[in-house]
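In the working numbering, the protein residues as written are 8 to 554.
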């Protein structure tokens with residue numbers, strides 16, 4: 008096998024965000040762009056031009072446009088670095104939770120995931136790459152920062168001069184001294200899920216006529232959902248819709264929220280609606296759950312799962328603790344308080360849950376952006392969450408709506424919404440946050456838009472396991488009645504900046520639990536707009552998306 012040393016020059020801006028490096032497809036298709044990033048990654052993992060002898064790499068993606076090309080490139084570069092073995096999902100397909108499961112079950116040294124998650128696909132869409140470490144979770148900031156620094160120093164990369172490998176059938180190949188195994192993209196993950204959930208109870212639920220509509224959004228979750236929900240659990244054919252992964256996600260935006268999954272919401276409304284609805288995103292790590300005519304917020308979903316975890320076989324031992332990202336509502340905090348278990352508040356980004364999970368400090372964790380998971384892998388897991396809900400419905404005999412209303416009855420409702428202002432010029436978004444941060448030490452005791460502020464800060468997190476510190480993770484403004492407004496800039500987009508404003512108000516009065524969310528939060532919306540001067544800085548009179 009001939010190994011080429013290709014001369015290159017650095018690209019600006021190859022800095023991984025919340026979940027890896029994400030850019031437009033056109034950026035990744037530039038000559039040497041992907042190769043440079045992979046070289047920087049391998050240099051940090053193995054030393055400059057060092058060998059990966061004896062190590063196993065997992066490789067797969069969500070099937071979006073450019074996935075297959077990128078798979079071949081990375082295989083050649085892995086062979087050039089001497090990996091002993093590369094495990095590739097059949098057809099280049101592996102969901103993000105499946106990658107984590109394969110890494111952990113097969114004791115791989117790490118894995119590369121090719122995905123831009125819930126971002127649009129196709130030739131004009133987005134592409135992404137991230138590295139997961141040996142525990143199955145996303146690389147920590149220490150590694151991603153080092154990769155970024157290395158990307159600015161590159162003069163060359165190493166790549167094997169070999170033809171493309173056939174990846175559409177399971178089987179074994181060799182590239183020089185590297186063994187390449189094309190593996191079933193569902194098998195390892197499915198085996199893990201069988202260990203956690205009462206499949207017999209769920210089968211009986213479907214046998215009684217329970218109806219589910221699962222929208223896989225033309226993404227990588229489709230094959231797994233078809234195999235497990237229809238194949239193993241006996242749901243009728245057609246329960247899983249939009250199940251074939253497509254490079255452009257069928258022209259849709261594969262983000263499971265009420266805005267982008269509007270077809271699913273429509274099917275769950277009105278006469279003849281199924282009992283439950285569900286959706287997963289581009290790489291199948293996010294999920295949305297609906298009851299008949301009833302949308303479950305991600306924050307409430309995490310709280311319900313925590314409250315009823317003892318009913319599910321994999322969690323009957325009890326929960327060590329729970330964790331949520333800082334912008335996520337405090338619903339799970341209230342559940343944890345009554346259960347007598349700790350609740351950790353972390354920055355946004357699944358990587359921050361990794362140390363807590365590895366140390367046995369938490370069992371369940373979640374984010375407001377439709378991500379929930381547990382210690383079974385080190386990623387959020389869309390199919391896992393949907394099976395968890397099915398298991399709860401099966402063993403409690405309660406509907407999705409009844410389970411959520413039980414949470415509200417016992418703990419009050421955390422009325423919650425996220426307002427996204429998308430496509431803001433980066434300089435203007437940075438100016439908004441800088442101005443807001445400059446006022447923080449003067450906000451306590453002030454009244455803004457009729458609301459009295461108790462305290463405000465710029466969230467900083469000290470990891471309780473390794474002591475690492477992450478600063479400037481978002482501005483929190485807390486009112487005297489415990490309502491919260493949080494401001495942060497998203498790290499998952501590929502163009503401009505997105506300002507996310509998170510709004511939460513706790514409502515203990517059951518008579519007010521059915522107030523429309525935006526109506527209930529209107530005073531906080533006015534406060535957020537006035538406090539951050541959103542229209543002044545962004546030129547936008549209303550958010551792009553409200554979820």
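Ideal placement from N, C-alpha and C gives every residue a C-beta, glycine not left out. These figures come from a predicted structure and were not determined experimentally.
Beta carbon of residue i nearer than 8 Å to that of residue j
| i | j | result |
| --- | --- | --- |
| residue 95 | residue 193 | no |
| residue 327 | residue 367 | yes |
| residue 256 | residue 226 | yes |
| residue 443 | residue 539 | yes |
| residue 209 | residue 401 | yes |
| residue 84 | residue 165 | yes |
| residue 335 | residue 375 | yes |
| residue 104 | residue 286 | no |
| residue 353 | residue 468 | yes |
For residue i, the nearest candidate out of the options (CA to CA)
| i | options | result |
| --- | --- | --- |
| residue 29 | 503, 224 and 518 | 503 |
| residue 10 | 268, 104 and 169 | 169 |
| residue 525 | 268, 349, 554 and 176 | 554 |
| residue 297 | 83, 355, 278 and 273 | 273 |
| residue 416 | 521, 387, 379 and 355 | 521 |
| residue 395 | 151, 315 and 125 | 315 |
| residue 117 | 124, 133, 91 and 125 | 91 |
| residue 53 | 481, 263, 88 and 311 | 88 |
| residue 66 | 79, 55, 58 and 72 | 79 |
| residue 253 | 178, 484, 127 and 165 | 127 |
| residue 41 | 73, 51, 58 and 57 | 73 |
| residue 322 | 362, 341, 398 and 378 | 398 |
| residue 484 | 251, 535 and 497 | 535 |
| residue 464 | 455, 451, 532 and 390 | 451 |
| residue 145 | 158, 39 and 119 | 119 |
| residue 488 | 190, 507, 353 and 515 | 515 |
| residue 530 | 271, 486, 12 and 506 | 486 |
| residue 121 | 109, 308, 214 and 134 | 134 |
Buried versus exposed, by CB contacts within 10 Å (16 or more), residue i
| i | result |
| --- | --- |
| residue 26 | buried |
| residue 462 | exposed |
| residue 51 | buried |
| residue 383 | buried |
| residue 306 | buried |
| residue 202 | exposed |
| residue 453 | exposed |
| residue 544 | buried |
| residue 557 | Within the shown structure, residues of the chain are numbered from 8 to 554, placing residue 557 beyond reach of any answer. |
| residue 266 | exposed |
Cross-strand partners of residue i (DSSP beta bridge)
| i | result |
| --- | --- |
| residue 63 | 92 |
| residue 11 | 166 |
| residue 477 | 468 |
| residue 188 | 94 and 179 |
| residue 495 | 507 |
| residue 514 | 420 |
| residue 297 | 284 and 302 |
| residue 374 | 378 |
| residue 486 | 460 |
| residue 330 | 351 and 372 |
C-alpha distance - residue i paired with residue j, whole-angstrom precision
| i | j | result |
| --- | --- | --- |
| residue 333 | residue 60 | 40 Å |
| residue 102 | residue 24 | 19 Å |
| residue 176 | residue 99 | 10 Å |
| residue 551 | residue 427 | 6 Å |
| residue 365 | residue 200 | 19 Å |
| residue 284 | residue 475 | 40 Å |
| residue 320 | residue 393 | 15 Å |
| residue 490 | residue 511 | 6 Å |
| residue 471 | residue 480 | 16 Å |
| residue 21 | residue 457 | 44 Å |
| residue 152 | residue 275 | 44 Å |
| residue 560 | residue 449 | The question about residue 560 has no answer here: the residues shown for the chain are numbered 8 through 554. |
| residue 7 | residue 346 | A query on residue 7 cannot be resolved here, the shown segment of the chain reaching from 8 to 554 and no further. |
| residue 71 | residue 282 | 31 Å |
| residue 148 | residue 139 | 12 Å |
| residue 408 | residue 62 | 47 Å |
| residue 313 | residue 361 | 18 Å |
| residue 162 | residue 77 | 21 Å |
| residue 436 | residue 497 | 11 Å |
| residue 304 | residue 378 | 11 Å |
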